[in-house]
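Protein chains in written order, with my numbering: chain U, 31 to 375; chain X, 154 to 427. Note that beta-carbon positions come from the ideal geometry of N, C-alpha and C, so glycine has one too. Just below is one structure, and these are the notes that go with it.
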């Protein structure tokens, strides 16, 4: 009797285990932290094929750079397997010790990227997309075209500009451009740089913190000029068709969007596979053609029409100004205070 | 025995209040006393900055103006509603409560549409020939106060209707029969009896205005930074949690002090208010 019971229990247990094993594989979750823009396209292009590859369920954490990085910091680097951030915030994450080095042997597609995208922040995450920060303006409202960063200081633009807030990706670039206008390095001589920022103040109606806020300001007619990232241009022109991207003689500024693996990732191997997948020529091409992100895989070949919205190709990419975020982050606290004194008093 | 039963019965509520209110607030504030640089270093840093003092004063000013205007408008409205015929009273209460059916962001956004450069107000003034070019009305203290009044005045009205309805008509008739004018009756009879409601309404509106985030963010922008928007900047974009906790602690102190002062004031105006 006793033997029978044991064999029954063993048989039932084996059957249960066999039945449960596929479920266990699918129960594995892989968490991606990103902005949440273009959700449907990303679901179709990245998530569904990757779920088939990994036999896992992909779940998301969405929000802007600072919100998501802040949440990751509060959790001590746990709860997320890969995190998308702009380079200013990924540098901050590196300095906070929240990311682990990438094992490049597990991500061979990194070798196919443009040089500046392969290791923009040392041993940490590569860039998966590239963008520009420049000036956008309403050509119907601004009398003479904007052709230089110095035009932001023009008298005819009084009260009609919105700048990105100092705590956003593009905000500190205002200070760097102000330093350039004053003929100084903003890190070395912040007094001179902020004196120029103060001169800019009468032209600034308000600062914005998200791309949507900036688009609203244009569409309600509050502003006619703004400093912006190129990813917002499509939506901006859909709202206000007369808005154009200024062709700046002193060059736009590069922004790299990176993917990092947090220190607390529970699926490190899978995270490397995800990076390799996202950086593949095929996925990068599809993302560009579908209007989601600019490619950084040098093998991606786009038609002129497909490339039009993007920071694309050797010539354009090499013309961009680069930012070193290490000294920028080191000075940022002081810059935030100085910025607040000018714009918040 | 009775005391023991009281303690046992109240223990779930005490536990809930401790878990969800006292412990989180205490944990937030305790960070500020263990920061490097000394026990009160974050507070010294806060008050040594002219900008931060301006933000604190501006927030207090906005909350105080909002509260005073809401008190005046709310009292008059509630008085009219409380003295209306029952069917009219129902209609007026629904109208007063109606704005509460939408979110704060939507109600704030409505003011962006009204006060914007191409907004309803500017367009109307231009059409009437009062102005030649649109006025810049957004991102000012006035725009923030206007929106906060609109958002929080239903709270004031609701609280005051309840209080004013409980004032017996006999008292008002007695006052009139003794020769008091309607104004004198309102000032000397209605107002003192409404003091408890006024205090509750004022505390609600002041607290909500002082701690509001969405409305100052949307209508004040960076030019009218308040404690709520400043706290968000320190916590979510600068990752400076000590500084954010300091801002939060100062907000708690200001609110608690204001409530105590108002309660004391109420006791002096009307001993029944206690």
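For residue 206(U), no CB of chain X lies under 8 Å from its own CB, so it is not counted at the interface with that chain.
For residue 391(X), the residues of chain U that pass the 8 Å Cβ criterion are 197, 362, 363 and 366, in the order they occur in the chain. Contact of residue 236(U) with chain X by beta-carbon distance below 7 Å involves 292, 374, 375 and 376.
Residues of chain U whose Cβ lies closer than 9 Å to the Cβ of residue 289(X) are, in chain order, 189, 235 and 252.
Scanning chain X for C-beta atoms nearer than 9 Å to the C-beta of residue 129(U) yields nothing, as the closest lies near 15 Å away. If you draw a 10 Å sphere on the C-beta of residue 241(X), you find fewer than 16 other C-beta atoms in it, and that means exposed. Residue 224(U) has its alpha-carbon roughly 17 Å from the corresponding atom of residue 202(X).
Distances from the alpha-carbon of residue 366(U) to those of 201(U), 120(U), 63(U) and 163(U) put 201(U) closest. Within the same chain, and ignoring the five residues on either side of residue 164(U) in sequence, the residues whose Cβ sits closer than 8 Å to its Cβ are 257, 258, 260, 275, 276, 278, 282 and 283. With respect to chain X, the C-beta atom of residue 375(U) has a partner C-beta closer than 8 Å. Along the segment 200 to 215 of chain X, the positions whose C-beta sits under 8 Å from a C-beta of chain U are 202, 203, 204, 207 and 208, read in chain order. At a cut-off of 8 Å between beta carbons, residue 190(X) makes no contact with chain U.
Taking a contact as a CB-CB distance under 8 Å, the pair residue 359(X) and residue 404(X) does not count as one, their CB atoms being some 12 Å apart. Interface annotation, residue 350(X): not in contact with chain U, CB-CB separation never under 8 Å. Uninterrupted beta strand (DSSP E) stretches at least 3 residues long and entirely within the segment 74 to 108 of chain U occur at 87 to 92, given in chain order. Inter-segment contact for the segment 140 to 154 of chain U and the segment 239 to 256 of chain U is absent: fewer than three beta-carbon pairs are separated by less than 8 Å. DSSP, read as helix, strand or coil, puts residue 334(X) in coil. For residue 204(X), the closest alpha carbon among the candidates 389(X), 412(X), 383(X) and 390(X) is that of 383(X). Membership of residue 275(U) in the beta strand (DSSP E) is indicated by the continuous run 273 to 275. Residue 153(U) does not reach chain X, its nearest Cβ partner there being about 22 Å away, counting only Cβ pairs nearer than 7 Å.
For the segment 166 to 217 of chain U, the continuous alpha helix (DSSP H) assignments of 4+ residues that do not extend past its boundaries occur at 201 to 212, in sequence order. Excluding sequence positions up to five before and after residue 356(X), its CB lies within less than 7 Å of the CB of 412 and 415, all in the same chain and listed in chain order. Following the DSSP letters along the chain, one finds residue 210(X) inside the alpha helix (DSSP H) bounded by residues 203 to 235. Out of 344(U), 95(U) and 375(U), the CA that lies nearest to the CA of residue 328(U) is found in 344(U). Beta-carbon to beta-carbon, residue 235(U) and residue 192(U) are separated by about 6 Å, close enough to satisfy the 8 Å threshold. For residue 223(X) against residue 302(X), the beta-carbon gap comes to about 5 Å, under 8 Å, which counts as contact.
Contact between the segment 155 to 169 of chain U and the segment 339 to 357 of chain U is present: 3 or more CB-CB pairs across the two stretches fall below 8 Å. A distance below 8 Å separates the beta carbons of residue 156(U) and residue 143(U). Look at residue 259(U): its C-beta is not under 8 Å from any C-beta on chain X.
Taking 8 Å as the CB threshold, residue 286(X) stays off the interface with chain U.
Within the segment 257 to 332 of chain U, the runs of alpha helix (DSSP H) at least 4 residues long that lie entirely inside it are, in chain order, 263 to 269, 298 to 308 and 311 to 319. Within 10 angstroms of the beta-carbon of residue 348(U) lie fewer than 16 other beta-carbons, which makes it exposed. Residue 365(U): member of the alpha helix (DSSP H) spanning 355 to 373, first to last residue.
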